[in-house]
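Numbering-wise, this note's numbering comes out as the position in the sequence shown, counting from 1, plus 1169.
For glycine and all other residues, C-beta sits at the position ideal for the given N, C-alpha and C.
These figures come from a predicted structure and were not determined experimentally.
Presented below is the structure to which this report refers.
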Amino acid sequence: QQQQQPHSTSSQSSSSPAAVVPHQSFLAVLRALPEECASDRLFLVNDDYRFQMRDHLIDSAAPVFAFLLHHLLQQQQGQATPQYTRGVFQAWLAWIRYVPVRPRVIAESP
């Protein structure tokens, strides 16, 4: 019996833009999440939940900024479209605008 070959090898998947750049929908979630969590439209029985969500976003800001920086650098390497780069900047702006990001995190981001 012949062994079936995998559909893609690691060299094929690492060279394709789809393997390097996640879908626009992921950036849309990163862009919308801080605004929706900070929104007064979000009705919560207990406002402590809102503060817990805010604290979680604050704690998540450093890895999110690192992720966005990584994908922003892909544009310089020609692996992302200008629309994707715009999405990265829009997500970054949402985090800076709606999440009280620690100054250290912002200072460490170029």
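- A Cβ-Cβ distance of about 6 angstroms is found for the pair Trp-1264 and Ala-1230, placing them in contact under the 8 angstroms criterion.
- Closest by C-alpha distance to Gln-1259, out of Cys-1206, Ser-1278 and Arg-1200, is Arg-1200.
- By the Cβ neighbour-count rule, Pro-1272 is exposed, with fewer than 16 other Cβ atoms within 10 Å of its own.
- Here the alpha carbons of Glu-1277 and Arg-1210 stand approximately 32 angstroms from one another.
- Closest in alpha carbon position to Leu-1238, among Arg-1255, Asp-1224, Asp-1217 and Phe-1220, is Arg-1255.
- Each of Ser-1208, Phe-1236 and Ala-1207 was checked against the Cα of Val-1274, and the nearest Cα belongs to Phe-1236.
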